[in-house]
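J.: If you're matching positions, the sequence shown starts at 1 in the numbering used here and goes up one per residue.
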Amino acid sequence: MKTLASFVLLASSLQPLTPVAWGQVKNPDTYTYLTISDLDSLDPAYSYDTASHMVILNVYEALLTYKGSSTEILEPMIATKVPSIANGLLSKDGKTYTFPIRKGVKFHDGTPLTPEDVKYSLMRFMLQDRVAGPSSLLLEPILAHPNTRDENGNILDVTFKEADQAIQVKGDNVAIHLKHPFAPFMTVLAQWGPVLNKKWAIANGDWDGTEATWKKYNNPKKESSPFFDRANGTGPFMLERWDKKNKETVLIRNDSYWRKPARLKRVLIKGVDEFATRKLMLQAGDADAIYADWPAYSQLQNIPGIQIIENLWSIEMNPVAYFTFKINQVANPDIGTGKLDGQGIPPDFFSDRDVRKGFAHAFDYEGYIRDVFRGKGIRATGCIPKTLPGYNPKQKNYTFDMKKAEEHFKKAWNGEVWAKGFKFTLSYNSGNVPRQNLCQIIKRSVESLNPKFKIDVRPIQWSTFLDLYKSSKLPVFIIGWQADFPDPHNFAFPMMHSKGDYPSTQKYKNPAVDRLIDQAVRETSMAKRKALYAKVLEVEYEDVPHLTILDASRYRPQRSWVKGWYFNPIFPDSPWGGYYYPLWKE
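(1) Tell me where the beta strand (DSSP E) around V82 begins and ends.
(2) Assess contact between the region 497-510 and the region 192-211, defined as three or more Cβ pairs (one per stretch) separated by less than 8 Å. Is contact present?
(3) Less than 7 Å between the C-beta atoms of G193 and L63, yes or no?
(4) Just checking my contact of W576 with A289 at CB under 8 Å: how many whole Å lie between their CB atoms?
(5) What separation, rounded to the nearest whole angstrom, lies between the Cα atoms of K423 and S430?
(6) Compare the beta carbon distance of T107 and A79 with 7 Å and say whether it is the shorter of the two.
(7) Expressed to the nearest angstrom, what Euclidean distance is found between the alpha-carbon atoms of T464 and T277?
(8) Jot down the residue ranges of each uninterrupted beta strand (DSSP E) in the region 359-444, minimum 3 residues, whole runs only, in chain order.
(9) Between the alpha carbons of D293 and L143, how many angstroms are there, rounded?
(10) Starting from the Cα of Y469, find the closest Cα among I442, A483, A492 and S427 and give me that residue.
(11) For D273, which option in M77, Q436, E586 and S70 has the closest C-alpha, if you only look at C-alpha atoms?
(12) Grab me the residues of P76's own chain with a C-beta within less than 7 Å of its C-beta, minus the 5 sequence neighbours each way, in chain order.
(13) Give the straight-line distance between the Cα atoms of F363 and V355, rounded to the nearest whole angstrom.
(14) Put R266 into one of helix, strand or coil per three-state DSSP.
(15) For M126 versus L139, is the C-beta distance shorter than 7 Å?
(16) Can you tell me which of the three DSSP states W200 falls into?
(17) How would you label G578, buried or exposed, when you count the other beta carbons within 10 angstroms and need 16 or more for buried?
(18) By Cβ distance, which residues of its chain are closer than 6 Å to E406, with the 5 residues on each side in sequence left out?
(19) Measuring only the C-alpha atoms, how far is N173 from S121?
(20) Among all the DSSP beta bridges, which residues are the ones paired with A289?
(21) Can you tell me which of A331, P261, K247 and H180 puts its alpha carbon nearest to the alpha carbon of P347?
(22) Give the straight-line distance between the Cα atoms of K403 and F453, rounded to the nearest whole angstrom.
(23) In angstroms with no decimal places, state the Cα-to-Cα distance between P181 and Y533.
(24) Roughly how many angstroms separate the alpha carbons of D334 and E223, rounded to a whole number?
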């Protein structure tokens with residue numbers, strides 16, 4: 001396979017760029033990061049994409065955080081201590097965590113943070129529970145329910161009183177009581193417990209914190225939240241503006257921060273789809289770091305003033321192609337006629353296992369790794385990456401085999417797929433060249449099997465892509481998964497459990513694998529957990545609800561004047577975005 005060309009922007013459309021003099025630091029108080037993604041929402045209980053969560057990480061704060069580049073060592077943030085059995089803040093049965101809340105912390109509007117704000121924020125995070133959102137991260141360990149609704153959207157037997165009793169304010173402390181021991185619980189809180197200002201939220205029309213109204217705010221529309229495009233956190237940076245039209249977010253330094261204020265005065269995050277533009281701005285010193293993947297690597301080498309940091313292994317599975325088993329056909333042009341007639345596909349087209357296996361064998365995995373990722377990765381063997389326990393390099397896998405692909409397509413839908421053909425649209429988020437390449441390979445390979453097979457490929461903006469996949473309108477969606485916390489459960493659940501982020505929108509459900517995943521997360525022995533995850537990977541192979549492609553290393557292009565950056569694979573949008581507090585330029 002040949003590597004497809006990166007995007008090229010016509011010179012006439014480029015803004016004039018002023019080259020930076022050697023040794024001169026351009027805009028020393030402002031850090032500019034160019035990405036390809038626009039934000040989805042700034043509501044910490046709604047946002048579940050790396051672009052949005054990267055901003056949230058810098059504006060809000062949680063009880064705990066990771067220490068430097070470690071994914072195992074935690075340190076206090078809004079809390080003053082990390083609970084342990086030794087310090088008496090973690091019960092011996094592993095189910096009750098007590099967090100002393102730091103005094104003297106103020107929100108960006110000057111309001112002092114209180115333990116009541118912590119309780120409100122955690123309860124709101126759980127009870128809001130939008131479709132395909134992050135609420136399960138706290139619902140599962142605290143209430144033993146991954147969702148508040150059943151598959152038909154009806155509220156389950158999750159009660160306000162249950163949540164109210166699980167999270168209690170005791171003087172200057174907040175105690176959290178789990179239903180069962182959950183080993184990675186504190187690592188979840190380090191990423192997914194941002195503390196909001198309760199009074200500000202209520203004054204601006206959000207949930208009032210009472211039992212009488214919580215259902216009204218369950219599964220809200222994105223724009224209905226006062227936190228959608230506004231922010232009032234305690235973090236080192238404050239939101240100055242989010243320009244949705246121009247894909248530009250500006251953060252300014254919080255000079256009243258409870259720690260020493262950041263050295264940077266301003267952070268500019270801008271979405272720029274075209275790599276050519278990102279490169280020119282980095283070269284001119286108008287950007288300090290940019291998103292770039294392996295297809296662009298050779299174009300960034302040996303440029304004065306640009307530093308490339310390599311061999312950065314994130315805890316992620318990216319990209320992955322997910323098949324939608326029950327496509328939402330309402331106002332959906334992506335499935336054509338909606339019938340198996342050569343001009344479309346029926347909504348349940350991918351529910352046929354032979355269709356999925358046909359696609360699985362029609363993809364050149366090794367060629368993709370070699371040509372698109374320059375060999376900087378290894379073949380994935382299921383949903384658990386090599387950086388986590390449960391990874392099995394010997395797990396059986398699909399191989400590129402056009403003969404087998406043809407055999408499965410001929411069996412699919414009792415032979416009708418081969419006889420009648422199909423047509424649908426395959427989408428990727430604009431500016432993401434590796435995902436564009438993946439779509440083009442699928443199109444070329446599958447179409448070569450039968451002239452009646454037709455696949456259109458189109459780019460769409462990131463926020464639009466998220467809305468479409470969450471509403472089950474994309475026949476196949478190409479997306480990645482970066483760890484919320486460093487544990488195999490955080491891959492098995494969102495990628496394979498029927499209540500997980502992706503299967504819930506795919507409408508994929510296998511009760512046997514659900515039971516395995518539920519059992520594994522409650523097991524305290526890692527050896528036993530690994531055995532259970534091995535069975536999960538076997539089901540994944542047989543059911544093929546998605547195509548896992550590779551485990552890849554990344555690289556970070558930045559100006560050599562950027563100082564203080566360190567790699568933590570848990571940080572959102574790592575290694576390109578991340579946490580800006582420790583950075584400066586000199």
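Glycine is no exception: its CB is placed at the ideal position from the N, C-alpha and C atoms.
T.: Let's see:
(1) Premise fails: V82 is in no beta strand (DSSP E) and is neither H nor E.
(2) Short answer: they don't touch.
(3) In contact: G193 and L63 (Cβ atoms closer than 7 Å).
(4) The distance from the Cβ of W576 to that of A289 is about 6 Å, consistent with a contact at the 8 Å cut-off.
(5) Rounded to the nearest angstrom, the two C-alpha atoms are 22 Å apart.
(6) In the sequence under discussion, the amino acid at residue 107 is Phe, which differs from the Thr named in the question. Judged by beta-carbon spacing, A79 lies beyond the 7 Å limit of F107, meaning their Cβ atoms are not closer than that value.
(7) About 22 Å.
(8) Those beta strand (DSSP E) runs which fall completely within the region 359-444 and span 3+ residues are 377-379 and 422-429.
(9) Going from the Cα of D293 to the Cα of L143 covers about 40 Å.
(10) Considering only alpha carbons, the answer is S427.
(11) Of M77, Q436, E586 and S70, the residue nearest in Cα terms is Q436.
(12) Correct list, in chain order: L64 and V82.
(13) Their backbone Cα atoms lie some 13 Å apart in a straight line.
(14) Correct three-state label for R266: strand.
(15) Yes; because the gap between Cβ atoms is below 7 Å, this pair is in contact.
(16) It is helical.
(17) Under this definition G578 is a buried residue.
(18) These residues qualify, in order along the chain: L449.
(19) Computed Cα separation, rounded: 15 Å.
(20) Paired residues: Y33 and Q558.
(21) Nearest of A331, P261, K247 and H180 to P347, Cα basis: A331.
(22) So the alpha carbons of these two residues sit roughly 16 Å apart.
(23) Roughly 18 Å between the two C-alpha positions.
(24) Distance between the alpha carbons of D334 and E223 is about 25 Å.
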